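Going line by line, the protein sequences match chains A and B.
Last residue of the first sequence: 557 (the working numbering), numbering continuous.
Last residue of the second sequence: 1114 (the working numbering), numbering continuous.
I have placed the structure first, in the form of C-alpha cells, so that the comments after it can refer back to it.
Number of protein chains: 2
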Amino acid sequence: MDGQMMDQPLLLNDLLWRTERLFHDKRILTRLGPGSYHSYTYREYGRRVRRLASALKSLGVEHGDRVGTIAWNHYRHFETYFGVPGIGAVLHTINMRLFPEQQQYLINHADDSVLIIDEDQIALVEQLVALGIPNVRAFIVIGDGPLPETTLTPVHRYEDLVASGDENFEFPTFSENTASAMCYTSATTGDPKGVVYSHRAQVLQAMCLAMHDKLNMSERQVWLEVAPMFHANGWNIPHTALLQGATLVLPGVHPVDGDYVQIIEDLKVTGMNAAVTIGTMMRDFIRDSDRDWDLSTLDTMWLGGQAPSRAIMEWWEQSYGTHVVQGYGMTECTPQICFSSIKSTLTEQSSPEEIYALRQKQGQPIPLMKIKVLDESGNELPWDDKSVGDFWVQSPFTAAAYLNDDRTAENMVDGWFRTGDVGCIDPDGYVSLKDRSKDLIKSGGEWISSIDLENALMEHPKVREATVISVPHEKWLERPLACVVPEDDSLDDDELRAFLGQRFAKWWLPDEFLLLSEIPKTSVGKFNKKELRSMHAAGGSDGMRSTLGVGQRHPVA
Amino acid sequence: MDGQMMDQPLLLNDLLWRTERLFHDKRILTRLGPGSYHSYTYREYGRRVRRLASALKSLGVEHGDRVGTIAWNHYRHFETYFGVPGIGAVLHTINMRLFPEQQQYLINHADDSVLIIDEDQIALVEQLVALGIPNVRAFIVIGDGPLPETTLTPVHRYEDLVASGDENFEFPTFSENTASAMCYTSATTGDPKGVVYSHRAQVLQAMCLAMHDKLNMSERQVWLEVAPMFHANGWNIPHTALLQGATLVLPGVHPVDGDYVQIIEDLKVTGMNAAVTIGTMMRDFIRDSDRDWDLSTLDTMWLGGQAPSRAIMEWWEQSYGTHVVQGYGMTECTPQICFSSIKSTLTEQSSPEEIYALRQKQGQPIPLMKIKVLDESGNELPWDDKSVGDFWVQSPFTAAAYLNDDRTAENMVDGWFRTGDVGCIDPDGYVSLKDRSKDLIKSGGEWISSIDLENALMEHPKVREATVISVPHEKWLERPLACVVPEDDSLDDDELRAFLGQRFAKWWLPDEFLLLSEIPKTSVGKFNKKELRSMHAAGGSDGMRSTLGVGQRHPVA
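This is how it looks when you write it as C-alpha cells:
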C-alpha cells in the first residue's frame, strides 16, 4: 500500500523558489579587491539565475547537456549552480588546478557542450582547444569589461547572455533523479573518475547540512565559502546557505590567506569552511601581521579535507573564540559523509583531552548515511574503536557508479561504496580514518596521484625503480617525496624535475628526489611505502639515504 | 540524463538504524505517576521495536496491513511508531477523544486488522466491537499487569508479544512511497477523511523540522511531547527527536496541566510542543500554585493549533525566559506547513511591537513547501499582507488524495491542496490566517464540526432552524454556541443537550443553546455565521437575544 502524498520531486529549483521569496533581502557578497565587494540580494540573484537559464536554452542547451565551468568562487559562478541544473542541464565544475591534459580529458569525457570560464582562464582554454575539445560548441566568458581578444569561437560575454535572458523564466519540472551536476575525482591509477549528482542527492545533502549539530548554518549566519566551488559542489555549502537564507560570502578571484582574514573583519563573517591548510595559513598570516584583527564574529570554522591538529583548534578557540569543527567527505558522496559534533552525553563525561581526541576523529555519519568497516574477507567489523578495515558507505547521496567507467565495479559492490579509506568506528559511531586511499597524496587540500608520478618516473631511461610517498609538510600538510633507484650515477634531481615538469602541474612535482641504492619491498614484491614512510618519520631523508644507500647500487666487489 | 546516485529509499527504518547506533545512550522517558518515570535508552528502544515488528509479522500482519492504536503518549505507543511501519504495515493512530461511532467508522474505513490499545481503553473497544468492527482480527492490550478480564478476542498482552519477538529482526527494504501511517481529519460535512502518509513524507518532514530556524531540535534537547501522539503523527515531533538523538519525554496516561509543569522541573526539560490551551493552562496552574517552580531549563515552547496570544508569549518569556514559538500545520501536511521564526533582517529593523505581531502570524513555509493564495476566480494574489484569499499548499509531504473518499476532488486540484483556510501572505512569506475552515470549531486543540451539530439539532422535532458558531473561550480558545429557532415554546436547553448527548461526546456539546426568534441569513439564504459571530463579539448572548428576539417567533398580531 502506498502513501497518498503528492508526487513532488526534490529539485534545486524549489529551494530557489523559497529563498527568492522568503529571503529576498538577504545578500550574496563577492570580494572584488581590497575592501571592495560586489553585493546583491537573493531576489536579484534569482532574477539573474532565471535570465541565465533562459539564455542557455536560447543558446541550444538542452535537458541533459553538460555545461562546464572553469571559474573562481564568485556570484556569477554561483549563478551557474542553479541556472544550469534549473533547465535540466548538468553543471560540470572543472578543477582549475589540474593540468591542461587532465582538463582536456574531463571535458571530452563529460562531453561538455558549453564552457563558462573566467576571463583569466582564456589562455588556458585556448590551449585546451589546441589540445582538442571538439564537442564544445560555445564559450561563455565571465568578466566585467569588453570581451578580450581570443581565438575561442563562438564566444559570448556572460553579461550579454544574462542581459538577453528572461527574468520571469519559469523552470521546468522533471524527475528528482535528473542529473544536476558532476565532478571528477582523482584516481589512484588512470584518469579521473566522473561522479554525476542528482537534484535529489543535492537537495537531501543540503537539508542534512542545515540541521542542528552540523555546521551551524542558520539564517543569521554570514558564511564565507573558501573551499573551491569546483570541488564537489563546493562541499554543497552554497546550496545549504541558499536553502537557509544565510548571507553567502565568496572570496572572488585569486584570494590569498590575508584576503580571508580581511573579508571576515570587513563583513563580520560568522562561519566559514576551508581546507585545513587554509586555517593554518590564516593563523600564520595573523601571527606575522603587524596589526590586530577583529575576527570576534567568527563562531564556526569548518576545516575539512584532513583532520585539523589540536594546536590549530586551540589557537582559533583561544584567539577569537572560534570553534573549529571538521567533517569528512568525498566527491562520490555529494560530498559529506561524517560530521564531528560531540554528543552531549560525551561532553558531560569526558576530560578536555578526550574531547580534543574526539574532535580529531572524522565524526559521526550524517543522517541518511550508513557506514560499515569490513575486514579483508568482507566480514563486518565491530564498532569498537580498534578494528581497522575498509570503510564503506551507503546513502541516497552516494554514487552508484562512475560515469562511463569500468572502474565502477571495483568500488560499488552490493549497493555499497568502498571509500578506499581505511579506519575504525567507535561505539558511538565516530569514524577514525587510519590510512587514506593508500596511493593518493593530499597537498593543500588537493589530491596528487603518487601512482601517476611513479609511472612517469619509471619511463625515464635512467630510472630503474621509482616510488612516490607522502611525507608530512607544515604548510601543505602532505607533499610527495620521490624515491628513485637510478640506472647510472649521471642522474640528478634537476633532470627528473624537468622530466616530470613536461607533463604535470608544478605543484604536483615532488619537493625532493631521493636517489637511493634500493627501495624496500613487501612480501609480494610491491614497494613498501609504509616502511618508507616510517623511515622518513624516524630519520628524514638523510636517515633514508644512510639506511638504503645513495644512488646506483654498485655491484658488490 | 539521470544522476548516478544510489537508489536508497527514504525509510523510517534508516532513521532508526542511525539513532540506535549513534545515540544508543540517549533516553526516552515516560511519566508513570508523580515523580516516577519509566526510562530506557534508544538502544533498548530499538531492540523492543524490532521485537514488536517481528512479533507482528508472526501474528500475520503483512506489508500494507493497517494497525490501529488507541493509546496515550508513552514509550510503548512510540514503539509502534517505528515497529509497525518498519515491516511495511501502516500505523493508524486513532483519536481517543472521538465518540465511539466515529471511531468505529475510522476503524472500518481504514480496514484496521489489528488494534493496539491501552488497558484503560478496553471498555471502549468492547463497545466498538458491539457496534461492529468485523475486520479487526486481533487485539493487543498495553499494560503492566496481567491481562484484565475482557470479551475482546483474540487478545494478546503487548508485553508478551514484545517478549516473543526477535530483537535482531532485520527490517525489510521497500519503496519510500510505501504507506507508513495514517490519520483521520474532521470534515466540515460528513465523516472524517483519511490521510495516508508515506515513509518519504515522514522522513522529509522530520528533516525539515530538525533544521535550524525551526523548533530548535538539537541532540542536546530534552523534549516533552505534549501534543497527542494520535494527532497527525504527534506533529511528527517524535520522529524528529529520534532523528536528532534528542531526549524524548512522554507525559503518560491521563496527564493534567500540573503534570506537565512537574515533568519539566523533574527532568529539566528544555523544549516542548503543545496546543495553545495547554500553554495557557500551565500558566494558570503555576499562578495558582502555592510554591515556586524551577522551569529555568525550558528554552522553547512551541504552541500550535491556534495563534498564541501576545500575553502568553510575554508571560513565559518574562517568567522563565521561555521563547514561545508557533507553527501551522494540518493532518493533510504530515503536518507542518509554516513555522514562525523571525528573519534576522526583520529582527534588526522592527520594533518590539512589530516583532510580536510577526510572531503571531503563522510563519514562513518550511523547506519543500510551496504556498499560494487565490481569489474566488482562481487568480493568484500578491504577497502584500493585505490580499486575502484561499490558502493552497504543495509539497512532497502534502496529501494528494483522501483515502477512498470522493471529497478528494474538492480539495486536491491541479497538484495543489486547498487547505480550507483563508488568509494572506506578507512580502517576506509570513502567512496570516484570517478565517479558518469556516465550519469547524477548534476547542482545546480538537476540532468540532459545527455542521454535524447543526444537522443533529435540525432533526429534533421542536427545532425549526439551527446553526452552530464558534465563540471565543478563555480556556479552550473556542467553544460551540448553538443558535436555535424553536417550533414551540416548550423547548429548552436541557432537552437539546440531552438530545445531542445521545450521539456526541460530551466536549462536543455547545456550552449554550440560544433560543432565538430568527437567525440572520446571507443573500443566498445561508445562515450568516459571520454576522452571528460579530453580534456575539459585540454584545454576547444577551445582545443576540435582544437583537434577534427570544424563542419561537410568534405571528405578528
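C-beta: ideal position from N, C-alpha, C; glycine also.
Quick caveat: nothing in here was measured; it's all calculated off a predicted structure.
Counting only Cβ pairs nearer than 8 Å, list the residues of chain A close to residue i.
i      : result
B/P922 : R18, L22
So which residues on chain A does residue i lean against when the C-beta distance must stay under 7 Å?
i       : result
B/A1139 : This structure does not reach residue 1139 of chain B, given that chain B is present from 558 up to 1114, and the question cannot be answered.
B/K583  : T345
Using a cut-off of 9 Å between C-beta atoms, extract the partners of residue i located in chain B.
i     : result
A/L56 : The premise fails here: A/L56 is roughly 15 Å from chain B at the closest Cβ pair, so nothing lies under 9 Å.
On the three-state DSSP scale, how would you describe residue i?
i       : result
A/R558  : The displayed coordinates of chain A run from 1 to 557. Any statement about residue 558 of chain A would go beyond what the structure contains.
A/T150  : coil
A/G45   : The amino acid occupying residue 45 of chain A in the given sequence is Tyr; Gly does not appear at that position. Looking at A/Y45 - three-state DSSP - the assignment turns out to be helix.
A/A557  : With a pLDDT of only 41 at A/A557, under the threshold of 50, the placement of this residue in the model should not be trusted, and no figure is reported.
B/N1012 : helix
B/Y594  : strand
B/A864  : coil
A/E62   : coil
A/R21   : helix
A/P85   : helix
B/G836  : helix
A/L548  : helix
B/K1063 : helix
B/K999  : strand
B/M870  : helix
B/S559  : According to the sequence displayed, residue 559 of chain B carries Asp and not Ser. Correct three-state label for B/D559: strand.
B/R975  : strand
A/S449  : strand
A/M535  : helix
Tell me, please, which residues DSSP counts as bridged to residue i.
i       : result
B/W940  : In DSSP, B/W940 forms no bridge with anything.
A/F527  : A/K521
B/T531  : With chain B covering only 558 through 1114, there is no way to say anything about residue 531 of chain B.
B/S989  : B/C981
A/S470  : A/P480
B/L1071 : B/C1040
A/L29   : A/S39, A/V249
A/I140  : A/I116, A/H156
Please list the partners that residue i has in chain D, where partner means a Cβ-to-Cβ separation under 8 Å.
i      : result
B/V647 : Within the model displayed, chain D is absent; protein chains A and B are what it includes.
List the residues of chain B that residue i touches, going by C-beta distances under 7 Å, in chain order.
i      : result
A/Q8   : Q951, S952, P953
A/G271 : Those within 7 Å of A/G271 in chain B number zero; the least Cβ separation is about 12 Å.
For residue i, return the contacting residues in chain B, with the cut-off set at a CB-CB distance below 8 Å.
i     : result
A/D14 : L925, K927
A/G83 : Result: empty, since nearest Cβ-Cβ is about 17 Å, beyond 8 Å.
What in chain A is Cβ-close to residue i, meaning under 9 Å?
i      : result
B/M764 : L204, M207, C208, A210, M211, P367, L368
B/G972 : M6, D7, Q8
| query | Which of the residues in the region 376-407 of chain A, read from start to end, lie with their CB under 8 Å from any CB of chain B? | reply | W383, Q394, S395, P396, F397, T398, A399, A400, A401, Y402, L403
| task | Check each residue of the region 768-790 of chain B: if its Cβ is closer than 7 Å to any Cβ of chain A, include it; give the result in chain order. | result | M768, H769, D770, M774, S775, E776, R777
| Unbroken stretches of the alpha helix (DSSP H), 4 residues or longer, contained in the region 220-277 of chain A | 237-244, 257-267
| 4 or more residues per run - each alpha helix (DSSP H) lying fully within the region 725-770 of chain B | 756-766
| request: Any chance you could list the beta strand (DSSP E) runs of at least 3 consecutive residues sitting entirely within the region 326-407 of chain A, in chain order? | output: 327-329, 336-339, 370-374, 389-394
| query | Residues in the region 739-758 of chain B with C-beta within 8 Å of chain A's C-beta atoms, listed in sequence order? | reply | V752, V753, Y754, S755, H756, R757, A758
| request: Quick one: which residues of the region 423-435 of chain A get their C-beta closer than 7 Å to a C-beta of chain B? List them in chain order. | output: D428, G429
| said: To be precise: take each residue of the region 239-253 of chain A, compare its Cβ to all Cβ atoms of chain B, and keep it if any distance is under 8 Å. Which residues remain? | reply: L243, Q244, G245
| Any residues in the region 62-81 of chain A with a beta carbon nearer than 9 Å to a beta carbon of chain B? Which ones, in chain order? | H63, G64, D65, R66
| Listed from N- to C-terminal order along the chain, which residues in the region 830-849 of chain B have their beta-carbon within a distance smaller than 8 Å of any beta-carbon of chain A? | none
| field | Residues, ordered as in the chain, of the region 320-344 of chain A that lie near chain B by beta-carbon distance below 8 Å | value | T334, S341, K343, S344
| request: Could you list the residues in the region 694-717 of chain B with a C-beta less than 8 Å from some C-beta on chain A, going in chain order? | output: none
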